[in-house]
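Using the numbering used here, you'd call the opening residue of the sequence shown number 11 and step up by one each time.
Cβ coordinates follow ideal geometry from the N, Cα and C atoms, glycine included.
Source: prediction; values computed, not measured.
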Amino acid sequence: MNLKQEILKLKSKKNAVILAHYYQRPEIQELADYVGDSLGLSQNAATTNADVIVFAGVHFMAETAKIINPTKKVILPDLNAGCSLADSCPPDRFKNFIAAHPNHTVITYINCSAEIKAMSDLVCTSSNALKIVNSVPKEKPIIFAPDKNLGKYIMKETGREMLLWDGSCIVHEAFCIDKLLQLYQQNPDAVIIAHPESEEHILKTATYVGSTAGMINYVKKHPNTKFIVATEAGILHEMKKEVPKATLIPAPAEEDNTCACSECAFMKVNTLQKLYDCLLTESPEIKVAEITRKKALIPIERMLELSI
Ligand code: 13P
Ligand code: SF4
């Protein structure tokens, strides 16, 4: 059986759309109708006419698509596609945290569960975080969750104090500063670019900091350059296509990381076979309790309006 052809056949038979994140396996990115960052994926989910959304990404992304599209079927190739960052913010603990700090505007990074979004005033992604935070009047104190690294980066860029939740992404925290500096010494002509989920000492070395889509746009402006890329290695697939003449070196991770570069094990659980199976059986399906969905939709819609 030719999996790719069968997936395409099923997709048109079921009026399905495949949305994929830049960290997905190359063969999945190649089959997708749209590949993008978290904001682009949410914007696409908000405008699709498809009956079925196949989300080639992780659970919080598919859940966001379901919150926006209650009448559409949203399926994820593997329910084990979670996220360490989303897991670092359990709803019961976050509820207590908010209660302990009343009168704060609650801004949450999209990498969190529907329950956390339902407790939020605003949602943001890495590409609109500065804009979203700056949209809050200066005198209002802010709680930012769950990513403390993105939170610290926003504080530095906006000059705003925020109360940060102590969460992080295991993939972006795996970058090793000593190895990165060593690599840079060997490649002094390279430009370091980084995702803001990385730790402060990594971000300090970077010439450009931005979302996955932002990083791709940046390298497109410098097509003949040598880059050291500090984010999940799946992004290199799209970058190589966009800037074939650039030299792209993945930033090195700690020795004990499962991969020499940084790969998100959650993103990589999705395979072409699972994509086919989920389209065939229309499962596993993402479900969100209606009461939670309605509450979570409000801060997502605010984000989408502010991102036009
Ligand atoms: P963006 O693609 O929105 O930059 O997010 C990165 C990420 O970690 C997704 O899980
Ligand atoms: Fe979550 Fe990090 Fe994987 Fe993104 S790269 S899905 S933030 S664990």
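In terms of side-chain proximity, the C-beta atom of residue 135 is found nearer than 7 Å to a non-hydrogen atom of ligand 1. With fewer than three CB-CB distances shorter than 8 Å, the stretch 287-306 does not count as touching the stretch 108-122.
Excluding residues up to 5 positions away in sequence, 65, 84, 86, 296 lie with their Cβ nearer than 7 Å to the Cβ of residue 72 in the same chain.
Beta-bridge partners of residue 295 (DSSP): 85. Selection 49, 167, 248, 146 evaluated against residue 137 yields 49 as nearest (Cα-Cα).
Relative to the non-hydrogen atoms of ligand 2, the Cβ of residue 68 comes within a distance shorter than 7 Å of at least one.
A direct Cα-to-Cα measurement between residue 303 and residue 247 gives close to 34 Å. Counting the other Cβ atoms within 10 Å of the Cβ of residue 95 gives 16 or more, which makes it buried. Residues of the same chain with a CB within less than 8 Å of the CB of residue 16, apart from the 5 flanking positions on each side, are 286 in chain order. Exclusion of residue 232 from the 7 Å shell around ligand 2 follows from its C-beta lying no nearer than that to any non-hydrogen atom of the ligand. In this structure, residue 234 and residue 88 do not form a Cβ contact; the two beta carbons are roughly 39 Å apart against a cut-off of 8 Å.
Excluding the 5 residues flanking it on each side, residue 52 has same chain C-beta neighbours closer than 6 Å at 74, in chain order. Distances from the CA of residue 30 to each of 41, 45, 182 were compared; the closest alpha carbon is that of 45. Relative to ligand 2, residue 276 has its C-beta within less than 7 Å of a heavy atom. Residue 247 has its Cβ no nearer than 7 Å to any heavy atom of ligand 2. Shortest gap from the CB of residue 203 to any heavy atom of ligand 2: 7 Å or more. Note on geometry: alpha-carbon atoms of residue 105 and residue 126 lie some 8 Å from one another.
In this structure, DSSP gives residue 229 a helical state, which the three-state scheme calls helix. Taking a contact as a CB-CB distance under 8 Å, the pair residue 33 and residue 244 counts as one, their CB atoms being some 4 Å apart. Taking 8 Å as the upper bound for CB-CB distance, residue 38 and residue 314 are not in contact here, some 25 Å apart. Distance from the Cα of residue 205 is smallest, within the candidate group 227, 275, 129, 188, for 227. With respect to the C-alpha of residue 18, the residue from 262, 238, 289 having the closest C-alpha is 289.
Taken from the Cβ of residue 226, every heavy atom of ligand 2 lies 7 Å or farther away. In the three-state reduction of the DSSP assignment, residue 112 falls in the coil class, being assigned neither a helical nor a strand state. Cβ atoms of residue 241 and residue 222 come within 8 Å of each other, at about 6 Å. Spatial neighbours of residue 264 in its own chain (CB-CB distance under 6 Å, excluding positions within 5 residues in sequence) are listed in chain order as 184, 186. Taking each of 203, 273, 237 in turn and checking the Cα distance to residue 254, the smallest one comes out for 237. A check of alpha carbon separations from residue 250 across 300, 229, 12 identifies 229 as the nearest.
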